[in-house]
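J.: One structure is given below, represented as structure tokens, and several questions about it will come after.
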Amino acid sequence: FDSGLSDINGYTDENGRFTATIRTNQIDDYWFTNEDWSGSLSRATWGIEATVDDGSRQTVSGFAVVHVYDAAARLTLSHNGYIQTPGQSFTIHAQASTIFDEPLANHNLTLSLRRWDSGSYDYTTVLDSVPMTTDENGRASLDYTIAESGYYQLRVEGKDSSGHDIRYNSWIYAFDNFYGFWYGSNNGNFTITPDQTSYAPGDVAQLIVETAVSGPALLVVERGTIHREQLVNLTAPVTMLDLPIQADDVPNIHVSINVWEEQDTTITNNTYSSQPDSNLLTAYARLSVPATDKQLTVTLTPDHDVYAPRDEATFTVRVTNWKGEPVSAEVSLALVDEAIFALSEELSGAIYDAFYFKRSNDVATFNSLDPMRYLGGGGGGGG
846 FDSGLSDING YTDENGRFTA TIRTNQIDDY WFTNEDWSGS LSRATWGIEA TVDDGSRQTV
906 SGFAVVHVYD AAARLTLSHN GYIQTPGQSF TIHAQASTIF DEPLANHNLT LSLRRWDSGS
966 YDYTTVLDSV PMTTDENGRA SLDYTIAESG YYQLRVEGKD SSGHDIRYNS WIYAFDNFYG
1026 FWYGSNNGNF TITPDQTSYA PGDVAQLIVE TAVSGPALLV VERGTIHREQ LVNLTAPVTM
1086 LDLPIQADDV PNIHVSINVW EEQDTTITNN TYSSQPDSNL LTAYARLSVP ATDKQLTVTL
1146 TPDHDVYAPR DEATFTVRVT NWKGEPVSAE VSLALVDEAI FALSEELSGA IYDAFYFKRS
1206 NDVATFNSLD PMRYLGGGGG GGG
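Residue numbering for the sequence shown follows my numbering, starting at 846 and increasing by one per position.
Below is the structure:
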């Protein structure tokens, strides 16, 4: 797309160089996209083309792609799982680094605990705020305790070297079976949330279900088809469910929770269709189960750093599994001219991703207990 910026013209110096300055604040916010939806750092991609004319109207062009960020640093936040127990301490880790992955030492940060506000429809209710300072590795850790049960946002904030605001958000459940008042994540929507970002076969996933409806529900494990299901009982406003992770759940599965919600069936003058006794509520979540045991690491080591034409080269190929142990494997070796990568990058992609990519959910949920009959009629002028 055309950036809308004017072309820059000039002459090379005695060394054949031409220097131009492009200010990044000329980029419209429209072109920036978030690297991580949990963080504030955004990136725009620019293509820069230079064309040189030697005076004979014979031109040569070069092209480069550059990434422009709206800040010079990024933050991340972790806290060992999405579920913690109210009143019990847990450790929060923050990491500050530059966009070039260099650690930011002795960097001042602020950690805040926030609750959902139905008026602003955002996590604007700040319950607590704590200062943090990174060490020489750009890391800061803090033991923290959440007093009340509920769903909260943890936010770490700071500034980069130029004073730009940077932040990172994470979400956490404080939950036990003896909660008093439950502070939910939103306006009473029906949701299901796993306690971790990924699992391994043999793990037990804890699923938090937020619901305004109590009663029997159906938990279904899906991916392409229904893998298994179980009847569960929901208790408003929140219920925790355990789901054992199986070997055939690799590389990911989808879970759905289904419950009937009673409806008001009162017919009024403004009602133009029949009213079902109940409405089926369905919520989904995806659980990542990486095929870690299928990953191989291949290293290729030449016997010399530099070769001359007609030299004989020996390459050592070593294959290890995810534990770093040597394994027997079938490999292919190709020797190509490096210059071809000036024309195109490697297109084949990783073999692992071809076999163990994330699967979408092809299962759709319907019900036959919601018939609709149009109640209108008359007024058409018929006899």
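Each residue gets a CB set at the ideal place from its N, CA and C atoms; glycine is no exception.
Using the C-alpha atoms, what's the distance from Thr-1084 back to Gln-1091?
T.: Roughly 22 angstroms separates the two Cα atoms.
J.: Our contact map puts Asp-1215 next to Pro-1121 with C-beta atoms below 8 angstroms; I'd like the distance itself, whole angstroms only.
T.: The beta-carbon separation of Asp-1215 and Pro-1121, rounded to 5 angstroms, stays under the 8 angstroms limit for a contact.
J.: Rounded to whole angstroms, what's the CA-CA distance from Ile-1102 to Ala-1062? Just pull it up for me.
T.: It is roughly 7 angstroms from the alpha-carbon of Ile-1102 to the alpha-carbon of Ala-1062.
J.: Which first and last residues belong to the beta strand (DSSP E) in which Phe-1160 is found?
T.: Counting along the chain, Phe-1160 sits inside the beta strand (DSSP E) bounded by residues 1160-1165.
J.: Within 10 Å of its beta-carbon, does Arg-1000 have 16 or more other beta-carbons around it, so buried, or fewer, so exposed?
T.: buried
J.: Quick check: the Cα distance between Lys-1168 and Pro-1135, rounded to an integer number of angstroms?
T.: Approximately 15 angstroms between the Cα atoms of the pair.
J.: With Phe-1035 as the anchor, note down where its beta strand (DSSP E) starts and where it stops.
T.: Unbroken run through Phe-1035: none, as it is neither H nor E.
J.: Between the segment 1041-1055 and the segment 967-982, do at least 3 Cβ pairs fall closer than 8 angstroms?
T.: Verdict: no, contact absent.
J.: For the alpha helix (DSSP H) containing Ala-1199, name the first residue and the last one.
T.: 1196-1200
J.: Using DSSP with H/G/I as helix, E/B as strand and the rest coil, what is Glu-1157?
T.: coil
J.: Could you tell me which residues DSSP pairs with Leu-1076 in its beta bridges?
T.: Beta-bridge partners assigned by DSSP to Leu-1076: Leu-1063.
J.: What's the C-alpha gap between Arg-1218 and Glu-880?
T.: 48 angstroms
J.: Please report whether the beta-carbon of Thr-857 lies at a distance below 7 angstroms from any beta-carbon of chain D.
T.: The structure shown contains no chain D; it holds only a single protein chain.
J.: Compare the Cα-Cα distances from Gln-1041 to each of Asn-1034, Ile-1017, Glu-1055, Phe-1035 and report the closest residue.
T.: Ile-1017
J.: Is the Cβ-Cβ distance between Leu-949 and Ala-939 less than 7 angstroms?
T.: no
J.: With a threshold of 16 other CB atoms inside 10 Å of the CB of Ala-916, please say whether the residue is buried or exposed.
T.: buried
J.: Straight-line CA distance for Ser-851 to Ile-867?
T.: Taking the Cα positions, Ser-851 is about 10 angstroms away from Ile-867.
J.: How should Glu-1190 be labelled, buried or exposed, when 16 other C-beta atoms within 10 angstroms of its C-beta is the threshold for buried?
T.: exposed
J.: Among the residues of its own chain, which have a CB less than 8 angstroms from the CB of Arg-1012, if the five just before and after it don't count?
T.: Gly-884, Ser-885, Leu-920, Arg-1000, Val-1001, Glu-1002, Gly-1003
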